[in-house]
Every structure is written in structure tokens, then in C-alpha cells.
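K.L.:
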Amino acid sequence: MKSAKVLIVGQGLAGTVLGWSLTRAGIEWRMIDAGHERAASRVAAGIINPVTGQRWVKTWRIEELWPETRTAYLSIEQELGVTLWREMRIRRYWRTDKERRVLEAKCARGDLDPYVTAIDHDSCVLAPAARVDVQTMLVESRRRWLKEGRLTEGWVEWRTVSSQDTLTIDCTGAAARSGLFSHLSWSVSKGEVLRIAAPDLAPDTILHRGHWLLPVEQGDAWIGATHEPGVEDLQPTSAARDALLASAEKLTGQHHMPTQHMTGLRLAADDMRPVVGRHPDYPLLGLIGGLGSKGVLYAPWLARQWVEQLQQDTAFDQEVGIGRYFPA
Ligand SMILES: Cc1cc2nc3c(=O)[nH]c(=O)nc-3n(C[C@H](O)[C@H](O)[C@H](O)COP(=O)(O)OP(=O)(O)OC[C@H]3O[C@@H](n4cnc5c(N)ncnc54)[C@H](O)[C@@H]3O)c2cc1C
Numbered sequence: 021m022k023s024a025k026v027l028i029v030g031q032g033l034a035g036t037v038l039g040w041s042l043t044r045a046g047i048e049w050r051m052i053d054a055g056h057e058r059a060a061s062r063v064a065a066g067i068i069n070p071v072t073g074q075r076w077v078k079t080w081r082i083e084e085l086w087p088e089t090r091t092a093y094l095s096i097e098q099e100l101g102v103t104l105w106r107e108m109r110i111r112r113y114w115r116t117d118k119e120r121r122v123l124e125a126k127c128a129r130g131d132l133d134p135y136v137t138a139i140d141h142d143s144c145v146l147a148p149a150a151r152v153d154v155q156t157m158l159v160e161s162r163r164r165w166l167k168e169g170r171l172t173e174g175w176v177e178w179r180t181v182s183s184q185d186t187l188t189i190d191c192t193g194a195a196a197r198s199g200l201f202s203h204l205s206w207s208v209s210k211g212e213v214l215r216i217a218a219p220d221l222a223p224d225t226i227l228h229r230g231h232w233l234l235p236v237e238q239g240d241a242w243i244g245a246t247h248e249p250g251v252e253d254l255q256p257t258s259a260a261r262d263a264l265l266a267s268a269e270k271l272t273g274q275h276h277m278p279t280q281h282m283t284g285l286r287l288a289a290d291d292m293r294p295v296v297g298r299h300p301d302y303p304l305l306g307l308i309g310g311l312g313s314k315g316v317l318y319a320p321w322l323a324r325q326w327v328e329q330l331q332q333d334t335a336f337d338q339e340v341g342i343g344r345y346f347p348a
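Just so we're aligned, residue 21 is where the sequence shown starts under the working numbering, counting upward by one.
Right under this line is the structure:
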């Protein structure tokens, strides 16, 4: 392999999408990853939801990012010869009358166009939505890159990186808090999900009522996810399990037993926007971080910004660029 122009640290969602973007652009790169044991991407449901929250807010930049996101995953899918992208719809049930009133008011003003495609007595349909099979993308990309000698399994000590002469991009998820970007104002939120058997679900519909219920392969579904801001441990809890099972039962009218209980940490910046750019003191050190709970939507856009910065010296978008933390 030619000498690498870029070293990616971390093969979660951010590092993997960046790797494929650099490959498409013909930029030489290699990667080091410590394994997925603590990676948030290991438990990411991969959902892109166009409208979220009790106040029905359109996902930030959804219209602009959707076509790019879709194209990026379809292209990785083609490279790997596996299915990753699945277009879906979300049937969302409101939990209170207030939620319904807010929805109706926003729909009447056209605020949520074109994403609310139907409303009935207890729910509405949100579309288009999508699900990316993040776990398959990670496993298959890793297999490919290990074989090609691009990916090395190991742990990077950040002390040694600041003196290197290769551009090194930190894609380490929640671990970025202990690297050279530790001084940004980060926050974490623990999330838990369960895998359950639910063979009767329509395969193209995510059900949502406080929690989402996502049909996956072999008649199984994922129910998730909890949000616990500030909680750092990865221990599965019985409280989350009970809450998720109660939601699943409300959505399907059936009692379920979990076959898997998974946890992960989401990393977000204080303004809830992802962060991309170069370290102010070490310009050969870069970052894609703070993907929060919308990493699947943002990762291709952030990776493209690195490609354009390397090829054309284009500035990073101001709303996500690291420069917002270091005003001139
Ligand atoms: C329960 C749950 C459900 C979620 N569901 C969704 C969803 O439906 N849709 C969505 O868009 N997002 C979802 N997310 C968010 C999503 O998981 C994250 O945005 C995304 O996975 C973050 O990816 P990342 O690559 O930044 O970090 P990670 O996935 O954490 O990857 C970081 C990688 O870096 C490696 N690493 C760390 N430090 C070092 C080092 N020093 N040296 C070498 N390697 C290192 C780690 O081993 C790991 O492999 C969910 C998150 C959780 C917790």
C-alpha cells in the first residue's frame, strides 16, 4: 500500500464512513481501532427519523442531508456486496393530547412538510425514514480492511500522535473525551436497547411510542432506546429493561422476552451539533465527533467535509466546524 496521507483512529460509524469517503476520493489512508467492545456503533439502531421529540421537531438539516446520506450508504453497500440501507416509515403514536395538538398545529402550518404523510385517531405516519444496518457495515468493512492491511487492531496513545507528521483524524466516539479534544464541552448519554422476538411486525414500519420498535432480520426486533444524560457506565439495568419491555408490550399487545440487552454511550457537544475540523494547536490532528443520536445521518456529510478540505482546502461548515469553540 502507498504511504498513507491520513490515519483514522477508530472504526465506529464515523471512522468507517470516513474510510469509504477517502477511498472514493482516491486519498490514501489507514486506520487503527481498539475493537468494538465499547463502541456506540455496536448498538446503534441505525434509524434516520425525520421528525423527533414531544414537540415534533424536524431533524436538523434533514432535507439537505438525506440525498447525500442515502447515496453514501448505497455506495458502501455496493462496495461490500451487502444490504445496508432500508427505506422505512415510522408509525408514531402520541402519548398525550397535547402532543396531538402540537402535531396538528404544526401540520396546519406546513412546518413538517413533507414528512407527515397520514394522521388518524391515535397516530401519524412519518416518511421517508430509513434504517442503516450499522453493525453489518462495521463487520464487513473491518473484514475487508484487515485483509487489505489498511486496518490495524490496537490502541492509540494520544501523547505520541501530536508529534506525528501524518494527518490523524480522531473518530473515537466517547473516548474523544480523554484524547487531545478533551477540552471541548462534551456530554454523554447512556443508551440501552433490547432485542426481542416479534415475528408479526410489518418489515417496513418502525413503531414509535416514547420508544421505537424496529423490525430486523429473522423475525426479531430492537426496542429502544433509553437516554440517561451524564451516566457513564455500560452496565445493563433492570429499570431500562422493564421500561423497554413495557413499551414493546404497548406497541404490539404482546408480552416479550429479551434475547439480548445492549448498552452504549452517545457523545454530544453542548450545542448538540456534531464537531468536525482540525485541532487549534495541532493542525495535523483532526476530529469527527459528537455524533449524538443522529450519527447515521451526519457521518457522510462530515466525511465529505474532510475530503473537500484535503482536496480543495474548503473550510468546514461553520455550524459544525470546530472553529465555533475557538472564535478568532
Ligand atoms: C442505544 C443507542 C442507540 C442508538 N441509535 C441510533 C440510531 O438509531 N440512529 C443514529 O443515527 N444513531 C444512533 N445512536 C448513536 C450512534 O450510535 C452514534 O452516533 C455513533 O455510533 C457514534 O459513532 P462513532 O464512530 O463516533 O463512535 P464509536 O461507535 O464509539 O466508535 C469509536 C471507535 O473508536 C475506537 N477507539 C476509541 N479510542 C481509541 C484509541 N485511543 N485507539 C484506537 N481506537 C480507539 C473504539 O474502539 C471504537 O471502535 C445510538 C446510540 C446508542 C447508545
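Idealized CB from N, CA, C, for every residue including glycine.
No experiment lies behind these values; they were computed from the predicted model shown.
State the start and end residues of the unbroken beta strand (DSSP E) segment that holds Ser314.
P.N.:
The sequence as given places Lys at residue 314; Ser does not occur at that position. Element bounds for Lys314: n/a, residue is neither H nor E.
K.L.:
Is Val236 near ligand 1 - that is, is its Cβ less than 7 Å away from at least one heavy atom of it?
P.N.:
Checking every heavy atom of ligand 1 against the Cβ of Val236, none is found closer than 7 Å.
K.L.:
Buried or exposed: which applies to Ser209, given that a residue is buried once 16 or more other Cβ atoms fall within 10 Å of its Cβ?
P.N.:
Answer is buried; the Cβ neighbour count reaches 16.
K.L.:
At what residues does the beta strand (DSSP E) containing Met108 begin and finish?
P.N.:
105–113 is the span of the beta strand (DSSP E), which, as asked, contains Met108.
K.L.:
Buried or exposed: Val77, going by 16 or more other Cβ atoms within 10 Å of its Cβ?
P.N.:
With fewer than 16 Cβ atoms within 10 Å of its Cβ, Val77 is classed as exposed.
K.L.:
For my contact list, Val296 and Val154 are in at a C-beta cut-off of 8 Å; report their separation, rounded to the angstrom.
P.N.:
Not confirmed; about 19 Å, so no contact.
K.L.:
Going straight from the alpha carbon of Ile47 to that of Trp165, what length do you get?
P.N.:
The alpha-carbon atoms of Ile47 and Trp165 are separated by roughly 15 Å.
K.L.:
Excluding sequence positions up to five away, which residues of its chain have a Cβ less than 7 Å from the Cβ of Ala194?
P.N.:
Counting only Cβ-Cβ distances below 7 Å, and skipping sequence neighbours, we find Ala60, Val208, Leu285, Leu287.
K.L.:
To the nearest angstrom, how far is it from the Cα of Gly130 to the Cα of Ile82?
P.N.:
The alpha-carbon atoms of Gly130 and Ile82 are separated by roughly 16 Å.
K.L.:
Ignore the nearest five residues each way along the sequence and tell me which others in His228's own chain have a CB closer than 6 Å to its CB.
P.N.:
Correct list, in chain order: Ile110, Arg112.
K.L.:
Would you list the one or two residues that DSSP bridges to Ile67?
P.N.:
Beta-bridge pairing links Ile67 to Arg151.
K.L.:
Examine the Cβ distances between the stretch 245–258 and the stretch 197–216 and report whether three or more of them are shorter than 8 Å.
P.N.:
Segments in contact, yes.
K.L.:
Within a Cβ cutoff of 6 Å, which residues of the same chain sit near Arg120, ignoring the five residues on either side of it in sequence?
P.N.:
Taken in chain order, the residues that qualify are Trp114.
K.L.:
Does DSSP put Thr89 in a helix, in a strand, or in coil?
P.N.:
It is helical.
K.L.:
Please look up how many angstroms separate the CB atoms of Val136 and Leu146, rounded, as I've assumed it's under 8 Å.
P.N.:
Right, the Cβ-Cβ distance comes to about 6 Å (below 8 Å), so this counts as a contact.
K.L.:
Using three-state DSSP, classify Asp224 as helix, strand or coil.
P.N.:
Asp224: coil per DSSP, three-state reduction.
K.L.:
Just to confirm my understanding: we take Leu132, look at its own chain, exclude 5 residues before and 5 after, and list those with CB closer than 7 Å. What are they?
P.N.:
Cβ neighbours of Leu132 beyond the five flanking positions: Val71, Trp76, Lys78, Lys126.
K.L.:
Lys25: buried (16+ other C-beta within 10 angstroms of its C-beta) or exposed?
P.N.:
Result: exposed.
K.L.:
Would the stretch 88–97 and the stretch 331–338 be scored as touching if the rule is three or more Cβ pairs under 8 Å?
P.N.:
Too few Cβ pairs lie closer than 8 Å, so no.
K.L.:
Look at the Cβ atom of Ala128, then the Cβ atom of Ile68, and state whether they are nearer than 8 Å.
P.N.:
In this structure, Ile68 does not lie closer than 8 Å to Ala128 by Cβ.
K.L.:
For Glu237, count neighbouring Cβ atoms within 10 angstroms of its own Cβ and tell me buried if that reaches 16, exposed if not.
P.N.:
When all chains shown are included, Glu237 counts as exposed.
K.L.:
So what's Leu305 in DSSP terms, helix, strand or just coil?
P.N.:
In this structure, Leu305 counts as strand in the three-state DSSP scheme.
K.L.:
What span of residues does the beta strand (DSSP E) with Arg170 cover, start to end?
P.N.:
Note, Arg170: premise wrong, no beta strand (DSSP E); not H, not E.
K.L.:
What is the rounded straight-line gap between the Cα of Gly39 and the Cα of Ile189?
P.N.:
When rounded, the distance between both Cα atoms is 11 Å.
K.L.:
Over what stretch of residues does the beta strand (DSSP E) that includes Trp49 continue unbroken?
P.N.:
First-last of the beta strand (DSSP E) with Trp49: 49–53.
K.L.:
Could you have a look at Glu339 and say whether DSSP puts it in helix, strand or coil?
P.N.:
Note: Glu339 maps to coil in three-state DSSP.
K.L.:
DSSP on Gly101, reduced to helix/strand/coil?
P.N.:
If DSSP states are grouped into helix, strand and coil, Gly101 belongs with coil.
K.L.:
Could you tell me which of Thr180, Pro256, Arg106 sits nearest to Pro235, measuring between CA atoms?
P.N.:
Nearest of Thr180, Pro256, Arg106 to Pro235, Cα basis: Arg106.
K.L.:
Within 10 Å of its beta-carbon, does His275 have 16 or more other beta-carbons around it, so buried, or fewer, so exposed?
P.N.:
Exposed, by the Cβ-count rule.
K.L.:
What does Asp240 pair with, by DSSP beta-bridge criteria?
P.N.:
Asp240 is bridged to Ala217.
K.L.:
Exposed or buried, Ala65, counting other C-beta atoms within 10 Å across all chains shown (16 or more means buried)?
P.N.:
Answer is buried; the Cβ neighbour count reaches 16.
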